[in-house]
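Just so you know, the sequence shown maps onto residues 520 to 994 in our numbering.
We put the CB at the ideal spot given by N, CA and C, even for glycine.
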Amino acid sequence: MTTTPVRPPTPADTLLARLDLLRHRVRRAVAARAEGDPQPLDDPFRGLYISDDLAPHLLRTVPAPLPPDETEQRAAEELEAAERAGAASPLRDLSLSPLERDLLLVALAPDLDPAYERCYGYLNDDVSLRRATVGLALHLCGLHPGEPRGRTALDPAGPLRARGLLEVQDAERPYLTRSLRVPDHVTDHLLGLAGPPPPPAAPEDPAHRLARRIVPAVGWDDLVLPDRPRALLRDLVRRVRHRERVLGDWRMRPGGGRGRGVSALFSGPSGTGKTLAAEVVGADLGLELRVVDLSAVVDKYIGETEKRLELLFSGADPARTLLLFDEADGVFGKRSRPVDAHDQYANTTTAYLLQRLESFDGLAVLTTNVHDHIDSAFLRRLDLVVPFGLPGAEQRRALWDRCLGLALPRSPDLDLGLLADAFELPGGAIRCCALTAAYRAAETGRPVGTGDLLDAVRDEYVKLGRYFDESVLPG
Numbered sequence: 520m521t522t523t524p525v526r527p528p529t530p531a532d533t534l535l536a537r538l539d540l541l542r543h544r545v546r547r548a549v550a551a552r553a554e555g556d557p558q559p560l561d562d563p564f565r566g567l568y569i570s571d572d573l574a575p576h577l578l579r580t581v582p583a584p585l586p587p588d589e590t591e592q593r594a595a596e597e598l599e600a601a602e603r604a605g606a607a608s609p610l611r612d613l614s615l616s617p618l619e620r621d622l623l624l625v626a627l628a629p630d631l632d633p634a635y636e637r638c639y640g641y642l643n644d645d646v647s648l649r650r651a652t653v654g655l656a657l658h659l660c661g662l663h664p665g666e667p668r669g670r671t672a673l674d675p676a677g678p679l680r681a682r683g684l685l686e687v688q689d690a691e692r693p694y695l696t697r698s699l700r701v702p703d704h705v706t707d708h709l710l711g712l713a714g715p716p717p718p719p720a721a722p723e724d725p726a727h728r729l730a731r732r733i734v735p736a737v738g739w740d741d742l743v744l745p746d747r748p749r750a751l752l753r754d755l756v757r758r759v760r761h762r763e764r765v766l767g768d769w770r771m772r773p774g775g776g777r778g779r780g781v782s783a784l785f786s787g788p789s790g791t792g793k794t795l796a797a798e799v800v801g802a803d804l805g806l807e808l809r810v811v812d813l814s815a816v817v818d819k820y821i822g823e824t825e826k827r828l829e830l831l832f833s834g835a836d837p838a839r840t841l842l843l844f845d846e847a848d849g850v851f852g853k854r855s856r857p858v859d860a861h862d863q864y865a866n867t868t869t870a871y872l873l874q875r876l877e878s879f880d881g882l883a884v885l886t887t888n889v890h891d892h893i894d895s896a897f898l899r900r901l902d903l904v905v906p907f908g909l910p911g912a913e914q915r916r917a918l919w920d921r922c923l924g925l926a927l928p929r930s931p932d933l934d935l936g937l938l939a940d941a942f943e944l945p946g947g948a949i950r951c952c953a954l955t956a957a958y959r960a961a962e963t964g965r966p967v968g969t970g971d972l973l974d975a976v977r978d979e980y981v982k983l984g985r986y987f988d989e990s991v992l993p994g
């Protein structure tokens with residue numbers, strides 16, 4: 520008779536066994552929280568507001584640590600004994616104190632079991648706080664919020680944070696509602712999937728994750744624009760360059776808490792040079808561009824979008840940075856009549872942006888493809904609105920010439936006039952056509968001719984979903 524050998528416990532097994540203990544602790548905390556809670560558990564807006572009944576309850580409730588439980592203590596002692604007997608445990612090998620180890624487990628739980636997200640949101644009484652907060656972690660570890668050893672364990676100089684095992688996020692929040700997060704590489708190590716965590720790197724400015732940095736490398740000669748938009752761009756540079764004299768020395772700064780910043784809207788169809796114009800303005804003023812990544816800024820949880828926008832504005836050095844909100848409709852769009860909580864939240868974000876843009880001391884540029892989508896309240900507060908239209912035939916010829924450059928070999932029969940007259944394309948599309956033709960020329964080893972560019976234009980029309988009129992081609 521053969522017997523199946525018993526598999527020794529893996530690091531993941533010992534870690535999950537400790538999380539099972541935490542599950543019992545969280546269950547006790549949920550039961551204690553629900554007892555006497557006047558707010559219905561099935562309220563869809565729970566955690567988004569404080570009702571009249573809840574406010575007195577909050578003031579009567581004295582924060583208290585979760586009391587110890589004998590069953591959990593016995594189970595914890597059995598786990599400790601198993602680990603000492605040889606069970607693999609990267610958590611034990613970190614040589615943390617029992618409190619530091621428990622804090623790490625509380626923070627780690629939502630990354631291994633999504634059920635903890637909802638439980639933590641309920642215990643935090645805030646649906647946007649789906650990770651353990653400082654206050655919740657201390658509560659689950661049996662500590663009062665003001666107990667010194669809890670704060671010492673979470674101090675930046677303590678082992679958890681100094682060794683990069685635990686991050687305390689949301690520094691602008693009150694201490695007890697700051698979120699705790701375990702980095703992914705630490706989680707992998709605790710599961711036995713990776714080696715020991717490397718030493719922590721220098722802390723990254725969180726604003727850098729929300730915007731892409733560009734050091735401008737273009738000038739006014741790279742812009743092909745009519746006289747009016749070009750004059751307005753020069754006016755924008757003039758306002759930034761002389762604002763200290765006008766607003767400071769001459770005391771022409773408006774009231775209402777407005778800063779010394781300058782803001783402008785670049786409005787026009789896609790591909791007409793709005794982003795390039797912002798880069799040119801930045802280069803003239805010696806500013807670095809921060810192109811805001813709206814996908815990283817806008818968040819579905821209430822208050823998160825404003826928090827990230829604040830990081831952007833406060834992290835931008837007014838003397839060195841141009842903040843560029845490309846496709847700004849996503850955050851500067853028109854407010855609507857509130858129908859539900861989502862509409863009310865969107866309007867709150869717009870109101871926040873209005874006052875934050877006014878108090879910003881730097882240069883902020885917004886771009887949009889649809890002028891009418893921008894809230895009128897923003898338009899009133901902008902210093903300049905620069906229109907970008909589709910280029911005419913003369914400008915298209917200049918764009919074709921500029922996009923092909925000086926180094927690309929050209930065939931003697933190249934007819935840029937034909938391309939400019941026959942095809943109404945914006946500068947961005949012309950650049951795409953020039954690149955397509957250049958790649959084909961690089962493969963064939965011959966100069967770019969009119970036929971190469973016509974083929975590229977045909978491909979571009981297909982990409983844009985437009986009809987390509989073959990009758991305009993030379994016979």
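### Message
Suppose contacts are defined by Cβ-Cβ distances below 8 Å. Is His892 in contact with Gly852 by that definition?
### Response
As a working note, residue 892 is residue 373 in the sequence shown. As a working note, residue 852 is residue 333 in the sequence shown. Closer than 8 Å, so yes.
#### Entry: Sufficient close CB pairs (3 or more, under 8 Å) joining the region 791 to 805 to the region 825 to 833
no
### Message
Assuming contact is defined by CB atoms lying nearer than 8 Å, are Ala690 and Arg697 in contact in what I supplied?
### Response
Position 171 of the sequence shown, counted from the start, is the residue given in the question as residue 690. Position 178 of the sequence shown, counted from the start, is the residue given in the question as residue 697. Yes.
### Task
Within the same chain, show all residues whose beta-carbon is closer than 8 Å to that of Thr886, passing over the 5 residues directly before and after it, in chain order.
In the sequence shown, counting from the first residue as 1, residue 886 sits at position 367. Around Thr886: Leu784, Phe785, Ser786, Lys793, Thr794, Ala797, Leu843, Phe844, Asp845, Glu846, Ala847.
### Message
On the DSSP letters alone, give me the boundaries of the beta strand (DSSP E) that Phe897 sits inside.
### Response
Working through the sequence shown from its first residue, we reach residue 897 at position 378. Not the beta strand (DSSP E): Phe897 falls in the alpha helix (DSSP H), residues 895 to 900.
### Query
Tell me the DSSP bridge mates of Arg732?
Position 213 of the sequence shown holds residue 732. Answer is Arg809, bridged to Arg732.
#### Entry: Residue nearest to Val981 in terms of C-alpha spacing, selected from Leu615, Ala948, Arg959, Thr652
As a working note, residue 981 is residue 462 in the sequence shown. If we check each option's Cα against that of Val981, Ala948 comes out closest.
### Beta carbon of Asp902 nearer than 8 Å to that of Val810
Residue 902 sits at position 383 when you count from the first residue of the sequence shown. Residue 810 sits at position 291 when you count from the first residue of the sequence shown. No, the Cβ-Cβ distance between Asp902 and Val810 is not below 8 Å.
#### Entry: Reduced DSSP secondary structure (H/G/I, E/B, other) of Val905
By one-based count along the sequence shown, residue 905 stands at place 386. Strand at Val905.
### Message
Tell me which residue opens and which closes the alpha helix (DSSP H) that Ala594 is part of.
### Response
The residue you call residue 594 lines up with position 75 of the sequence shown. Start and end: 589 to 603.
#### Entry: Local conformation of Glu943 per DSSP, three classes
In the sequence shown, residue 943 corresponds to position 424, counting from 1. Coil, per DSSP.
### Query
In three-state DSSP terms, what is Phe844?
Position 325 of the sequence shown holds residue 844. Of the three classes helix, strand and coil, the one that applies to Phe844 here is strand, per DSSP.
### Task
Using three-state DSSP, classify Thr529 as helix, strand or coil.
Along the sequence shown, one-based indexing puts residue 529 at 10. In the structure shown, Thr529 sits in coil (DSSP, three-state: anything other than H, G, I, E or B).
### Message
Quick test of your reading: Ala651 and Ala626, contact by CB under 8 Å. State the CB separation rounded to the nearest angstrom.
### Response
Position 132 of the sequence shown, counted from the start, is the residue given in the question as residue 651. Position 107 of the sequence shown, counted from the start, is the residue given in the question as residue 626. Confirmed, about 5 Å.
### Task
Please report the residue range of the beta strand (DSSP E) in which Ala975 lies.
Taking the sequence shown and counting its residues from 1, one reaches residue 975 at position 456. Not the beta strand (DSSP E): Ala975 falls in the alpha helix (DSSP H), residues 969 to 983.
### Query
Using the beta-carbon count (16 or more within 10 Å), is Tyr568 buried or exposed?
Residue 568 sits at position 49 when you count from the first residue of the sequence shown. Interpretation of Tyr568 is limited by its pLDDT of 48, a score under 50 that renders its predicted location unreliable; the figure taken from the coordinates is listed afterwards. Burial call: exposed.
### Message
Could you check whether Ala815 and Leu872 sit closer than 8 Å to each other, using their CB atoms as the reference points?
### Response
Numbered from its first residue, the sequence shown carries residue 872 at position 353. Numbered from its first residue, the sequence shown carries residue 815 at position 296. No. Outside cutoff.
### Query
Within this structure, are the beta carbons of Leu808 and Ile733 separated by less than 8 Å?
Along the sequence shown, read from residue 1 onward, the residue named residue 808 stands at position 289. Along the sequence shown, read from residue 1 onward, the residue named residue 733 stands at position 214. Going by C-beta atoms, Leu808 is nearer than 8 Å to Ile733.
### Sub-8 Å separation of Leu918 and Pro928 beta-carbons
Indexing the sequence shown from 1 puts residue 918 at position 399. Indexing the sequence shown from 1 puts residue 928 at position 409. Taking 8 Å as the Cβ cut-off, Leu918 and Pro928 do not qualify as a contacting pair.
### Query
Less than 8 Å separating the beta-carbons of Val884 and Leu933?
Indexing the sequence shown from 1 puts residue 884 at position 365. Indexing the sequence shown from 1 puts residue 933 at position 414. Taking 8 Å as the cut-off, the Cβ atoms of Val884 and Leu933 do not count as close.
### Beta-bridge pairing of Val737 - partner residues as DSSP gives them
On the sequence shown, residue 737 is found 218 positions in, with the first residue counted as 1. Note: Val737 sits in no beta bridge, so no partner.
#### Entry: 8 Å Cβ shell around Leu659 - same chain, five flanking residues per side excluded
Within the sequence shown, the letter at position 140 stands for residue 659. The beta carbon of Leu659 lies closer than 8 Å to those of Leu541, Arg544, Val545, Ala548, Leu585, Asp621, Val625, Ala651 in the same chain, with the five residues before and after it left out.
### Task
Label Gly924 either buried or exposed according to how many other C-beta atoms from any shown protein chain fall within 10 Å of its C-beta, with 16 as the threshold for buried.
For the purposes of this step, residue 924 is taken as residue 405 along the sequence shown, with counting starting at 1. Around the beta carbon of Gly924, fewer than 16 other beta carbons lie within 10 angstroms, which makes this residue exposed.
### Task
Identify every residue that forms a DSSP beta bridge with Ala883.
As a first step, residue 883 must be located in the sequence shown, where it is residue number 364. DSSP output for Ala883 lists Ser782, Leu842 as bridge partner(s).
### Task
Return the CA-CA distance between Asp539 and Thr529, expressed in angstroms with no decimal places.
As a position in the sequence shown, residue 539 is number 20, starting the count at 1. As a position in the sequence shown, residue 529 is number 10, starting the count at 1. Rounded to whole angstroms, Asp539 to Thr529 spans 16 Å at the Cα level.
### Task
Look up Arg965 in the DSSP assignment and give the residues it is bridged to.
Here the question's residue 965 lines up with position 446 in the sequence shown. According to DSSP, Arg965 bridges with nothing at all.
### Task
Could you tell me whether the Cβ atoms of Gly778 and Ser647 are closer together than 8 Å?
Sequence index remark: in the sequence shown, residue 778 carries index 259 (1-based). Sequence index remark: in the sequence shown, residue 647 carries index 128 (1-based). No, they are not a contact pair.
### Message
Just to confirm my understanding: we take Gly566, look at its own chain, exclude 5 residues before and 5 after, and list those with CB closer than 7 Å. What are they?
### Response
Taking the first residue of the sequence shown as position 1, residue 566 is located at position 47. Confidence in Gly566 is poor, its pLDDT being 48 and thus under 50, which makes the residue's placement unreliable; the coordinate value appears in the next sentence. Closer than 7 Å at Cβ, skipping near neighbours: Gly640, Asp644, Asp645, Val646.
### Query
Exposed or buried, Ser990, counting other C-beta atoms within 10 Å across all chains shown (16 or more means buried)?
Mapped onto the sequence shown, residue 990 falls at position 471. So Ser990 counts as exposed.
### Message
What residue range does the alpha helix (DSSP H) around Gln914 cover?
### Response
As a position in the sequence shown, residue 914 is number 395, starting the count at 1. Gln914 -> alpha helix (DSSP H) spans 912 to 923.
### Query
How close, in whole Å, do the beta carbons of Arg760 and Leu804 come, if the pair is a contact with beta carbons under 8 Å?
By one-based count along the sequence shown, residue 760 stands at place 241. By one-based count along the sequence shown, residue 804 stands at place 285. That pair is a contact at about 7 Å.
### Integer Cβ distance of Leu623 from Leu685, believed to fall under 8 Å
In the sequence shown, residue 623 corresponds to position 104, counting from 1. In the sequence shown, residue 685 corresponds to position 166, counting from 1. Indeed they touch by this definition, with Cβ atoms about 6 Å apart.
#### Entry: CA nearest to the CA of Arg772, picked from Ala681, Asp880, Asp674
Locating residue 772 in the sequence shown gives position 253, counting from the first residue. Selected option, being the one with the closest Cα: Asp880.
### Message
Using CA atoms only, rank isn't needed, just tell me which of Ala681, Pro664, Arg915 is closest to Pro939.
### Response
To locate residue 939, count along the sequence shown from 1; it is residue 420. The question names Pro, yet the displayed sequence has Ala at residue 939. The residue with the shortest Cα to Cα distance from Ala939 is Arg915.
### Task
Give me the Cα-Cα distance between Arg579 and Ala551, rounded to the nearest whole angstrom.
Within the sequence shown, the letter at position 60 stands for residue 579. Within the sequence shown, the letter at position 32 stands for residue 551. A caution first: Arg579 carries a pLDDT of 49, below 50, which makes its placement in the model unreliable, though a value can still be read off. The alpha-carbon separation between Arg579 and Ala551 amounts to approximately 15 Å.
### Task
Counting only runs of 4+ residues fully inside the region 611 to 641, write out the alpha helix (DSSP H) ranges in chain order.
617 to 631
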